[in-house]
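Have a look at the structure below, then the notes.
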Amino acid sequence: MFSYSSPNLPESLHNSHFLLLTLTAPPSNLNPEYFSSLMNQYGPVLQVKILNRSLMECRVLVEMANTDAAKNAKKALDQLSSNFIKCSYYQEDKLQGSFTVGSFETIEDTTSSTFKNRHSTSLNEIINDADSKPQSATVLPISQKLIPSSKNIQSTKTVCLNGIQGKDLDALKIYNIFSNFGNIDKIILINLKNFALVKYLKEDQAYFVYQHCQNIQFFESNLSITFAADDSIEKLVGLDTLYREQDYYIGSEDTDRFNANNKMILLPPSQVLHISNLKKVSSNAETMWDIFSEYGVVEAVKVLNSQFKFMCLVKMESLKQALEVMALMHNEEVDGRNIQISFTKAKI
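In terms of the UniProt record's numbering, the sequence shown opens at residue 1 and continues consecutively.
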């Protein structure tokens, strides 16, 4: 573990064209091309240098071509509200020569990039190449300009839920919701930084989350979904000052929602919830209304009982309320049975 205090910069440095990027729990093989691709979306980049990398952080100095480009980049990154990447102005200095930031030596390798034409928009994309090594600086043509495209995003099995907040949240409550989108390997919640990592068994399940859960209102915040390296959780496990025991979850076949041998039908979050594994005595509109109105406004209830199965549909007033019901009530006991809650495309 380490600590770092950024200097208090005078107002004049807000006009600097140097930006300092700080990434939390970064992939181990990030290189300058990743950052140049990211920053070139907002204006021309002159140079990129990785100042230091460690298990928990990576700091990168970016020289934009002018102050307007730096302002555009900082504004865009600040609006992302990402807990993986933070952007601040830094004092103007030359990238050549040896200098330090805090107590960390800079890396002096200035070999040019071998990925000049590779573009990325994902904040936590992994750049994989058997012959490549992380490099500390690259010089790009000032005219280079990238157009963001979802096609450039490299998905992984791990998604980061950025901006996650809620005083009663833990890994199990996150599981209750995100297990709807695929079988989960591991979850870790870092309350200190307001983010959680969810690792699925299959990459397409993580991509489904990336597509369908952007900006959903979840407890006290709106979530921003990005991809993270598949070893991110393993890097954080053991740093127990960052999380509590209940903030770390390991999945198993016993807890999987989906049978791996069957075709998975994944449904996006919805206001209408499907409630199953009920007893006959509790599978009625009055009981359902009483139970779920404790978590928000119930708009409608529909009973789906058959001779041997007792189920209901419950529509909450908002998606936010439906997510909270899912997080707090899935697998909870009602009349001696652990009820199961899932999203549905059914209408009431």
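Ideal Cβ placement from N, Cα and C applies to all residues, glycine included.
Classification of S293 by the beta-carbon crowding that lies within 10 angstroms, buried from 16 upward: Position 293 of the sequence shown, counted from the start, is the residue given in the question as residue 293. Around the beta-carbon of S293, fewer than 16 other beta-carbon atoms lie within 10 Å, marking it exposed.
So, with DSSP's three-state summary, where would you put H274? For this step, residue 274 is matched to residue 274 along the sequence shown. For H274, the secondary structure class from DSSP, reduced to helix, strand or coil, is strand.
Pick helix, strand or coil for I50, following the three-state DSSP scheme. In the sequence shown, counting from the first residue as 1, residue 50 sits at position 50. Residue state, collapsed to three classes: strand.
Taking 6 Å as the limit between beta carbons, can you name the residues of its chain near C87, skipping five residues before and five after? Here residue 87 is taken as the residue at index 87 of the sequence shown, counted from 1. Excluding sequence neighbours, C87 sits near L19, L21, K74 and L77.
Spatial neighbours of P141 within its chain, please: C-beta separation below 7 Å, excluding the five flanking residues on both sides. By one-based count along the sequence shown, residue 141 stands at place 141. Residue placement at P141 is poorly supported in this model, since its pLDDT is 37, which falls under 50; the coordinates still yield a value, given next. When the five nearest sequence neighbours on each side are left out, no beta carbon in the same chain lies closer than 7 Å to the beta carbon of P141.
For the candidate residues N261, E245 and V62, whose alpha-carbon lies nearest to that of L172? Counted from its first residue, the sequence shown places residue 172 at position 172. Looking at N261, E245 and V62, the one whose alpha-carbon comes closest to that of L172 is E245.
Note the first and the last residue of the continuous beta strand (DSSP E) segment covering E299. The residue given as residue 299 occupies position 299 in the sequence shown. Run containing E299: V298 to V303, per the beta strand (DSSP E) assignment.
Between which residues of its own chain and L201 is the CB-CB distance below 6 Å, once the five residues before and five after are set aside? The residue you call residue 201 lines up with position 201 of the sequence shown. So the list reads N183 and D185, once near-sequence residues are dropped.
S155 versus F195: straight-line alpha-carbon distance, rounded: Reading the sequence shown from its first residue, position 155 is the one you call residue 155. Reading the sequence shown from its first residue, position 195 is the one you call residue 195. Near 18 Å, if we compare the C-alpha coordinates of F195 and S155.
Contact check, L236 vs I190 under 8 Å by CB: the rounded distance? The residue you call residue 236 lines up with position 236 of the sequence shown. The residue you call residue 190 lines up with position 190 of the sequence shown. A Cβ-Cβ distance of about 7 Å is found for the pair L236 and I190, placing them in contact under the 8 Å criterion.
From the DSSP secondary-structure annotation, give me the bridge partner or partners of S88. Within the sequence shown, the letter at position 88 stands for residue 88. According to DSSP, S88 bridges with L20.
Starting from V314, trace the beta strand (DSSP E) in both directions and tell me its first and last residue. Position 314 of the sequence shown holds residue 314. Start and end: C312 to M316.
Rounded Cβ spacing between I177 and M326 (contact assumed at less than 8 Å): Here residue 177 refers to the residue found at position 177 when the sequence shown is read from its first residue. Here residue 326 refers to the residue found at position 326 when the sequence shown is read from its first residue. The Cβ separation is near 5 Å, so the contact holds.
Between which two residues does the alpha helix (DSSP H) carrying Y295 extend? By one-based count along the sequence shown, residue 295 stands at place 295. That residue, Y295, is in no alpha helix (DSSP H); it is neither H nor E in DSSP.
Give me the residue from D170, I188 and E324 with the minimum Cα distance to L273. Along the sequence shown, one-based indexing puts residue 273 at 273. Of the listed residues, the one whose Cα sits closest to L273 is E324.
Distance, Q217 Cα to L319 Cα: Locating residue 319 in the sequence shown gives position 319, where the first residue counts as 1. Locating residue 217 in the sequence shown gives position 217, where the first residue counts as 1. Each residue's alpha carbon lies about 8 Å from the other.
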